[in-house]
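First the structure, in the form of structure tokens, and then the observations on it.
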Amino acid sequence: MYIVLGPADASTGENLGGAVDALWEAITLNDTGSGTHRTFPLGKIADFVQTVEKHNTHRTIRWTWADARMVMPMLLQAGASPSSCHDLRLVQRLLVTAASRAQNGISFTPVLELGKEAQPAGTLPARRQIEGQESLFDAPPITASRDEQEPAPTASLLLEELQAQLTTIKSAPYPGRLGLLAATESQGGIIAAEMKHYGMPWNRAIHEKILEHQLGARPAGYQRPYKLEQLAARLRQELGAPNLNPDSPHEVLRALQSAGFSVTSTRKWELTEWANSAPHLRESRWQVVRPLLEYKRLARLYTANGWAWLDAWVTDNRFHPAYEVASAATGRWGAHGGGAMQIPKDVRAAVHAEEGMLLTVADAAQIEPRILAVMSGDRALAVAGRDTDLYLGIAEIGKRTGSALADRSHAKIALLAAMYGATTGEGGQLMPHLKKLFPQAIGFTEKAAEIGLRGGQVTTFLGRTSPAPSHAWFEAQRDRSSAEKERAAATAARSHSRFTRNFVIQGTAAEWAVIWMAQIRRRLRTERRFGHRLQSRLVYFLHDEIMIYGPQNEAALCATIVRESAQAAAELIFGPTDVEFPVTVVTTDDYSQAK
DNA sequence: GTTCCCTGCCAC
DNA sequence: AAACGTGGCAGGGAAC
């Protein structure tokens, strides 16, 4: 059953969509298609959601809204917890892209223009927010002025859009898969909003201790921390450049070169290789490279995750990144605010459980090659991943058959090369050996690569479709006016080919990951421990890794839920499969101890 | 003053 | 000497 939530028809009076006293409407759509309408002030929607959820435990209600980013903050603040939803913006985007590929056999014409910026209901437009009130959670209820806000689509229009989307899904060649994808994408919207709302535990005192230990005391104003200043002084001396600004790659490169060092950039890998490349000069080169690399490491810590970062992103010992569902074309999520996708190993110890609480950190083991094994139907690869680390499994098969892929690191490099499309280097060299062992899997990736080479589109298992190359790309393919143009076209073609090659695997892995999370969320919500609801919550997600935060005495159950949900997710997507989907689970009070 | 690109690093 | 997929982000520095 679907219940569409949106502003009531404009004829009912004040209808600005976002204002808390605006009238909203709930339209029920059940199997017979008939709809009952109820209207509420926006401020009462959360109560309604909560009441309906309480009395309808026996059937799935899909709350249908234009955009979870608009509705969910309001629901969460009021303590309402929708079990599932249909997110019209996210599903529309899926269907529009799917319809752009003729072979998909999907036709879709949106009723509405969705996919614009998020404007949480009950708040002012972002540009009018007052300093000190920028948080979505404590923004005061204010009626927006009429001239500054686009009228949000009414519930009746949203219902029409929903019906168009459901019709498209129902008549698709694989309605079950596309329906699962739509449901998954939508659940992602809820989960993203919830994780932002709860935030991950972040212990400011521990973080500060790390910073002081590495950098010295917090400097006043814009001075460099003590350790950085020390290293800067040493560098200036080593390079004979008394005015060197070590934060400027350009200046550093110039200083290195005038000191007689033949490097072409200040990149870490180049400096390292250069320093090691001449055995008799090693010591003297490292005299310079060591402090430079140390400076770069600490400068990165200082600028990316230093005191300013703490002040900007951590409040009340919680870090609240904003997730963006499927912000990558492959369906992977993005996150903005505080660099949530790149929490460096150095500061992970600051993610620390409070008294009586624990973190459950789970990581899917070799998810992408396992996805490849199922999608390609490669039995040998499925067997390689059974009861063991998949790369080890490959190495064992390699040993038995006298292949060059007889140890884990080689197996891993070769498989990554196959999925990323490497042609040179160690990975490229090992590819033929891999192909001999797993012809079906490698054939599968090569087929996706071929399609991309011609400018074609590919799809994930559930039907997310890759974007077509730009018009300019196709133009460039036709341009044979010079050797240089031809080369450029070939480079662009190979690039798109690597993209489609990777898309099918990365994209299907992303589907698996969100379904994994959705399974975990469902069980955390519905299961009881000694008759009590669980308090544990999903608080972090990154591609193939999740974190749950909750009371100590729930941690063992969380670990079980996480493991079982991994296999359940795979079977929901693929049906019964002999490929295993193991996860490593670590229960700890300290994130840096996971992995 | 703001905007945008480049460099370089971090994560999976 | 980068290569081999997807991202976010800070700081320098030039362009506007």
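For this note's numbering, add 1246 to where a residue sits in the first sequence, where the first one is 1.
The beta-carbon is built from N, C-alpha and C at its ideal position, and this holds for glycine as well.
Owing to the predicted nature of the structure, the values given are computational and were not obtained by experimental measurement.
Within 9 Å, strictly: CB atoms of residue i and residue j
| i | j | result |
| --- | --- | --- |
| glutamate 1692 | arginine 1744 | no |
| proline 1319 | tyrosine 1795 | no |
| alanine 1254 | leucine 1275 | no |
| glycine 1445 | leucine 1336 | no |
| leucine 1788 | alanine 1596 | no |
| methionine 1677 | alanine 1660 | yes |
| alanine 1505 | alanine 1487 | yes |
| leucine 1636 | glycine 1644 | no |
| tryptophan 1553 | tyrosine 1569 | no |
| alanine 1610 | alanine 1805 | no |
| alanine 1429 | alanine 1312 | no |
| threonine 1310 | leucine 1424 | no |
| serine 1811 | glutamine 1765 | yes |
| arginine 1464 | valine 1560 | no |
| alanine 1816 | valine 1825 | yes |
| isoleucine 1291 | glycine 1281 | no |
| histidine 1598 | aspartate 1836 | yes |
| valine 1760 | threonine 1606 | no |
Assigned exposure category for residue i - 16 Cβ within 10 Å defines buried
| i | result |
| --- | --- |
| lysine 1442 | buried |
| methionine 1247 | exposed |
| glutamate 1614 | buried |
| asparagine 1551 | buried |
| aspartate 1277 | exposed |
| leucine 1321 | buried |
| glutamine 1379 | In this prediction, glutamine 1379 scores a pLDDT of 34, lower than 50, which makes its location untrustworthy; the coordinate-derived value is nonetheless stated afterwards. Looking at its Cβ environment, which holds fewer than 16 other Cβ atoms inside 10 Å, glutamine 1379 is exposed. |
| tryptophan 1515 | exposed |
| arginine 1724 | exposed |
| leucine 1251 | buried |
| lysine 1841 | exposed |
| serine 1622 | buried |
| glycine 1577 | buried |
Residue from the options whose Cα sits closest to the Cα of residue i
| i | options | result |
| --- | --- | --- |
| glutamate 1407 | Pro1678, Ala1801, Arg1339, Ala1739 | Arg1339 |
| glycine 1602 | Ala1619, Gln1323, Glu1800, Ile1688 | Glu1800 |
| alanine 1619 | Leu1818, Thr1355, Thr1754, Ala1572 | Thr1754 |
| leucine 1539 | Phe1776, Lys1416, Pro1678, Val1498 | Val1498 |
| alanine 1738 | Ala1756, Ala1695, Phe1707, Trp1762 | Ala1695 |
| alanine 1718 | Gly1701, Ala1729, Thr1711, Arg1710 | Gly1701 |
| phenylalanine 1204 | Gly1631, Ala1735, Val1825, Asp1835 | For residue 1204 there is no data in the structure shown, the boundaries of the chain being 1247 and 1841. |
| valine 1829 | Ala1505, Arg1632, Thr1400 | Arg1632 |
| arginine 1616 | Ser1782, Ala1628, Val1607, Ala1608 | Ala1628 |
| leucine 1784 | Arg1768, Arg1775, His1778 | Arg1768 |
| glutamine 1839 | Ala1463, Lys1591, Thr1297 | Lys1591 |
| arginine 1482 | His1283, Ile1807, Tyr1541, Asn1563 | Tyr1541 |
| methionine 1665 | Ala1687, Arg1646, Lys1682, Asp1653 | Ala1687 |
| glycine 1698 | Asp1624, Gln1612, Ser1741 | Ser1741 |
Reduced DSSP secondary structure (H/G/I, E/B, other) of residue i
| i | result |
| --- | --- |
| proline 1447 | strand |
| valine 1250 | strand |
| isoleucine 1794 | strand |
| threonine 1691 | helix |
| arginine 1308 | strand |
| leucine 1330 | Per the sequence shown, residue 1330 should be read as serine rather than leucine. Of the three classes helix, strand and coil, the one that applies to serine 1330 here is strand, per DSSP. |
| alanine 1418 | coil |
| threonine 1549 | helix |
| aspartate 1836 | strand |
| valine 1843 | In the structure as shown, the chain starts at 1247 and stops at 1841, and residue 1843 therefore has no counterpart that could be examined. |
| valine 1704 | coil |
| leucine 1604 | strand |
| threonine 1711 | strand |
| asparagine 1491 | coil |
| glutamate 1359 | coil |
| glutamine 1213 | Since the first and last residues shown for the chain are 1247 and 1841, residue 1213 lies out of range. |
| glycine 1506 | coil |
| tyrosine 1747 | Residue identity differs from the one stated: residue 1747 is arginine in this sequence, not tyrosine. Helix, per DSSP. |
| lysine 1841 | coil |
| serine 1523 | helix |
| asparagine 1302 | coil |
| isoleucine 1436 | helix |
Residue i - partner residues in DSSP beta bridges
| i | result |
| --- | --- |
| alanine 1568 | His1582 |
| isoleucine 1273 | Val1250, His1283 |
| arginine 1775 | His1778 |
| aspartate 1609 | Glu1791, Thr1830 |
| tyrosine 1786 | Met1793 |
| valine 1560 | Phe1565 |
| histidine 1598 | Asp1836 |
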